[in-house]
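Heads up: the structure comes next, in structure tokens.
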Amino acid sequence: MKQAVYHGIEDVRIQETEVPVPGPGEIVVRNRVTLTCGTDVKMFMRGYRYEPPHLIGHEAAGVVHAVGEGVTRFAVGDRVVAHNTAPCHACYYCKKGNHSMCVDLPSNLGAYAEYQLIPARIVRETAFAIPEGMDFEQAALTEPLACAVYGTSQVPIELGDTVVVNGCGPIGLMFVRLAHLRGAIVIAADVNEKRLALAERLGARHTVVVRQGESQVDAIKALTEDGRGVDIAIEATGLPQVWELAFDMVCPGGTVLFFGGTKSGTSVELDCTRFHYDQITAKGVFHTTPIHVRAAFELLRTGAIRHEDFVQNSYELDDLEAALREHARGDVIKNVIRYP
Numbered sequence: 000m001k002q003a004v005y006h007g008i009e010d011v012r013i014q015e016t017e018v019p020v021p022g023p024g025e026i027v028v029r030n031r032v033t034l035t036c037g038t039d040v041k042m043f044m045r046g047y048r049y050e051p052p053h054l055i056g057h058e059a060a061g062v063v064h065a066v067g068e069g070v071t072r073f074a075v076g077d078r079v080v081a082h083n084t085a086p087c088h089a090c091y092y093c094k095k096g097n098h099s100m101c102v103d104l105p106s107n108l109g110a111y112a113e114y115q116l117i118p119a120r121i122v123r124e125t126a127f128a129i130p131e132g133m134d135f136e137q138a139a140l141t142e143p144l145a146c147a148v149y150g151t152s153q154v155p156i157e158l159g160d161t162v163v164v165n166g167c168g169p170i171g172l173m174f175v176r177l178a179h180l181r182g183a184i185v186i187a188a189d190v191n192e193k194r195l196a197l198a199e200r201l202g203a204r205h206t207v208v209v210r211q212g213e214s215q216v217d218a219i220k221a222l223t224e225d226g227r228g229v230d231i232a233i234e235a236t237g238l239p240q241v242w243e244l245a246f247d248m249v250c251p252g253g254t255v256l257f258f259g260g261t262k263s264g265t266s267v268e269l270d271c272t273r274f275h276y277d278q279i280t281a282k283g284v285f286h287t288t289p290i291h292v293r294a295a296f297e298l299l300r301t302g303a304i305r306h307e308d309f310v311q312n313s314y315e316l317d318d319l320e321a322a323l324r325e326h327a328r329g330d331v332i333k334n335v336i337r338y339p
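Note that numbering that gives the first Met the number 0 has the sequence shown beginning at 0, numbered continuously upward.
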């Protein structure tokens with residue numbers, strides 16, 4: 000079978016390997032689609048936390064090819080989507096209900112491949128049968144949407160609140176949609192006007208084009224009553240300067256959600272006086288949890304998020320590098336790799 004292997008910055012190779020054989024509790028999925036992801040792009044363009052060579056890709060859906068001993072949830076031929084993690088439920092953090100901080104939360108990379116082995120823990124907890132009428136591309140959005148669902152759950156969005164989403168990549172656009180569904184007045188900010196047009200279709204009432212030399216904070220505040228600032232500011236770019244800007248956008252008593260991951264060792268400066276006297280809440284969030292994965296799958300099943308809005312161009316696995324580069328340029332929200 001063909002499988003993509005990451006060997007270093009801007010070095011992804013399509014290699015031949017054996018089709019995996021499932022062990023107890025495991026399944027092997029013959030992938031039908033894999034979606035490009037911002038994390039894949041970051042890995043390709045600048046490296047990631049794992050030492051290469053290693054597998055790449057984590058947003059896929061397909062058909063069960065083989066099942067291991069003891070598997071009862073799925074059978075050969077079932078259409079399935081599998082999340083890329085599942086917590087251990089045994090460590091301190093899991094017992095506290097903080098599943099995204101699980102100390103044994105390995106990421107099941109390897110979605111850019113014709114076949115993929117799904118670990119038993121994921122098979123038990125965060126894999127789902129795809130119902131008839133649901134496209135593979137729709138199901139493959141489960142992982143990124145689960146992250147946005149988890150992030151949204153961590154901030155107190157009330158009906159009528161004003162929420163700004165800074166950064167309209169795939170996750171940012173999902174934040175726009177989820178905040179709209181919760182009854183918020185949503186402002187979307189990005190440098191890319193095409194993405195802002197999509198943000199409007201997903202529910203943003205206002206959009207702000209970020210331009211060099213113009214105050215992003217002033218532009219956002221001008222869209223709020225009395226210019227006081229937003230109730231919730233969501234950072235979805237991973238840029239330290241935007242972390243600082245998001246903090247400055249919220250009104251007294253407001254909340255900032257720092258979602259976009261920055262490079263290791265990055266520091267930001269926040270106004271401690273305002274932090275204290277304006278009672279600002281700053282929340283960091285990472286990844287997602289099983290309950291939010293299930294919620295994301297249900298939202299996709301009911302069409303609250305549509306893959307047609309997120310997935311643009313189609314490639315073969317041999318052309319993965321071109322698909323990642325197009326994603327990196329911002330020409331698309333996501334691309335899809337299709338398998339014969």
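Even glycine gets a Cβ: it sits at the ideal position worked out from N, Cα and C.
Query - residue 57 classed as buried or exposed, judged by whether at least 16 other C-beta atoms fall within 10 angstroms - result: Taking the sequence shown and counting its residues from 1, one reaches residue 57 at position 58. So residue 57 ends up on the buried side.
Report task. For residue 39, I'd like the list of residues in its chain whose CB is within less than 7 Å of its CB, leaving aside the five on either flank, ordered along the chain. Result -> Looking up residue 39 in the sequence shown gives position 40. Around residue 39: 55, 56, 323.
**Report entry** Runs of alpha helix (DSSP H) lying entirely within the region 254 to 325, each at least 4 residues, in chain order
**Finding:** 271 to 276, 289 to 300, 306 to 309
Query - residue 131 to residue 77 span [Cα, whole Å] - result: Position 132 of the sequence shown, counted from the start, is the residue given in the question as residue 131. Position 78 of the sequence shown, counted from the start, is the residue given in the question as residue 77. One C-alpha to the other measures close to 11 Å.
Report task. Could you check which residue in 226, 261, 252 has the C-alpha nearest to that of residue 243? Result -> Here residue 243 corresponds to residue number 244 of the sequence shown, with the count starting at 1. Here the closest residue by C-alpha is 261.
Query raised in the report: What alpha helix (DSSP H) runs, 4 residues minimum, are completely inside the region 2 to 47?
Result: 37 to 45
Query raised in the report: Taking residue 328 as the reference, which of 214, 162, 194 has the closest Cα?
Result: Within the sequence shown, residue 328 is the residue found at index 329, counting from 1. If we check each option's Cα against that of residue 328, 194 comes out closest.
Query raised in the report: So, are the CB atoms of residue 26 and residue 65 less than 8 Å apart?
Result: Here residue 26 refers to the residue found at position 27 of the sequence shown. Here residue 65 refers to the residue found at position 66 of the sequence shown. Cβ atoms of residue 26 and residue 65: closer than 8 Å.
Query raised in the report: According to the Cβ coordinates, are residue 81 and residue 125 closer than 8 Å?
Result: Indexing the sequence shown from 1 puts residue 81 at position 82. Indexing the sequence shown from 1 puts residue 125 at position 126. Yes. Within cutoff.
Report task. In the DSSP assignment, find the unbroken beta strand (DSSP E) run with residue 78 in it and report its ends. Result -> On the sequence shown, position 79 is the one that residue 78 refers to. Residues 78 to 81.
Query raised in the report: The alpha helix (DSSP H) with residue 195 in it runs from where to where?
Result: Looking up residue 195 in the sequence shown gives position 196. Unbroken alpha helix (DSSP H) run through residue 195: 192 to 200.
Query raised in the report: Between which two residues does the alpha helix (DSSP H) carrying residue 243 extend?
Result: Translated into the one-based positions of the sequence shown, residue 243 becomes position 244. From DSSP, the alpha helix (DSSP H) with residue 243 extends over 239 to 248.
Query raised in the report: Are the CB atoms of residue 133 and residue 31 nearer to each other than 8 Å?
Result: Position 134 of the sequence shown, counting from 1, holds the residue named residue 133. Position 32 of the sequence shown, counting from 1, holds the residue named residue 31. No.
Report task. Let me know the alpha helix (DSSP H) ranges lying completely inside the region 150 to 227, each 4 residues or longer, listed in chain order. Result -> 169 to 180, 192 to 200, 215 to 220
Report task. Check each candidate in 266, 5, 273, 247 and name the one with the smallest Cα separation from residue 110. Result -> Along the sequence shown, one-based indexing puts residue 110 at 111. Put simply, of 266, 5, 273, 247 the residue whose alpha carbon is nearest the alpha carbon of residue 110 is 5.
Query - Neighbour flag for residue 260 against chain B, beta carbons, 8 Å - result: As a matter of chain content, chain B is missing from the structure shown, which is built from one protein chain.
Query raised in the report: Is it true that the region 137 to 149 meets the region 263 to 283, where meeting means three or more beta-carbon pairs spaced less than 8 Å apart?
Result: Not touching, per the Cβ criterion.
Query raised in the report: Quick one, are the C-beta atoms of residue 8 and residue 44 less than 8 Å apart?
Result: Sequence index remark: in the sequence shown, residue 8 carries index 9 (1-based). Sequence index remark: in the sequence shown, residue 44 carries index 45 (1-based). The answer is yes: Cβ separation under 8 Å.
Query - Rounded C-alpha distance that separates residue 100 from residue 297 - result: On the sequence shown, residue 100 is found 101 positions in, with the first residue counted as 1. On the sequence shown, residue 297 is found 298 positions in, with the first residue counted as 1. Straight-line Cα distance between these residues: approximately 24 Å.
Query raised in the report: Just to confirm, are residue 185 and residue 207 a CB contact at a threshold of 8 Å?
Result: The residue labelled residue 185 in the question sits at position 186 within the sequence shown. The residue labelled residue 207 in the question sits at position 208 within the sequence shown. Contact: no.
Query raised in the report: Helix, strand or coil: how does DSSP classify residue 333 here?
Result: Looking up residue 333 in the sequence shown gives position 334. Three-state result, residue 333: strand.
Query raised in the report: Does the beta-carbon of residue 333 have 16 or more other beta-carbons within 10 angstroms, so that it is buried, or is it exposed?
Result: Position 334 of the sequence shown holds residue 333. With 16 or more other Cβ atoms inside 10 Å of its own Cβ, residue 333 counts as buried.
Requested in this report: To the nearest angstrom, report how far apart residue 235 and residue 255 are at their CA atoms.
Outcome: For the purposes of this step, residue 235 is taken as the residue at position 236 of the sequence shown. For the purposes of this step, residue 255 is taken as the residue at position 256 of the sequence shown. When rounded, the distance between both Cα atoms is 11 Å.
**Report entry** Closest residue to residue 107 among 271, 96, 69, 121 (Cα-Cα distance)
**Finding:** Mapped onto the sequence shown, residue 107 falls at position 108. With distances taken between Cα atoms, residue 107 lies closest to 121.
Query raised in the report: Per DSSP, residue 127 is paired with what?
Result: For this step, residue 127 is matched to residue 128 along the sequence shown. Note: residue 127 sits in a beta bridge opposite 80.
Report task. Report the residue from 210, 172, 213 whose alpha carbon sits nearest the alpha carbon of residue 196. Result -> In the sequence shown, the residue the question calls residue 196 occupies position 197. For the residues 210, 172, 213, the minimum Cα distance to residue 196 belongs to 172.
Query raised in the report: Taking the beta strand (DSSP E) that residue 338 falls in, what are its first and last residues?
Result: Working through the sequence shown from its first residue, we reach residue 338 at position 339. Element bounds for residue 338: n/a, residue is neither H nor E.
Report task. Using only alpha-carbon positions, find the residue among 246, 257, 266 that is nearest to residue 272. Result -> By 1-based counting over the sequence shown, the position of residue 272 is 273. Closest by alpha carbon: 246.
**Report entry** residue 203 classed as buried or exposed, judged by whether at least 16 other C-beta atoms fall within 10 angstroms
**Finding:** As a first step, residue 203 must be located in the sequence shown, where it is residue number 204. Burial call: buried.
Query raised in the report: How should residue 189 be labelled, buried or exposed, when 16 other C-beta atoms within 10 angstroms of its C-beta is the threshold for buried?
Result: Numbered from 1 along the sequence shown, position 190 holds the residue referred to as residue 189. Looking at its Cβ environment, which holds 16 or more other Cβ atoms inside 10 Å, residue 189 is buried.
Query raised in the report: How many Å lie between residue 96 and residue 213 at the Cα?
Result: Looking up residue 96 in the sequence shown gives position 97. Looking up residue 213 in the sequence shown gives position 214. Each residue's CA atom was taken as its position, placing residue 96 and residue 213 some 43 Å apart.
Query - Identity of the residues DSSP links to residue 234 by a beta bridge - result: Taking the first residue of the sequence shown as 1, we reach residue 234 at position 235. In DSSP, residue 234 forms a bridge with 165, 257.
Report task. Count the other CB atoms, across all protein chains shown, that sit within 10 Å of the CB of residue 176; report buried if there are 16 or more and exposed otherwise. Result -> The count along the sequence shown starts at 1 and reaches residue 176 at position 177. By the neighbour-count rule (16 or more Cβ atoms within 10 Å), residue 176 is buried.
Query raised in the report: Smallest Cα separation from residue 319: which of 178, 112, 302?
Result: Stepping through the sequence shown from its first residue, residue 319 is reached at position 320. With distances taken between Cα atoms, residue 319 lies closest to 112.
Query - Continuous alpha helix (DSSP H) stretch holding residue 92: start and end - result: Counting from one through the sequence shown, the residue named residue 92 turns up at place 93. The continuous alpha helix (DSSP H) containing residue 92 extends over residues 91 to 94.
**Report entry** Distance between residue 168 and residue 268 (C-alpha atoms, nearest Å)
**Finding:** Indexing the sequence shown from 1 puts residue 268 at position 269. Indexing the sequence shown from 1 puts residue 168 at position 169. The C-alpha of residue 268 lies about 24 Å from the C-alpha of residue 168.
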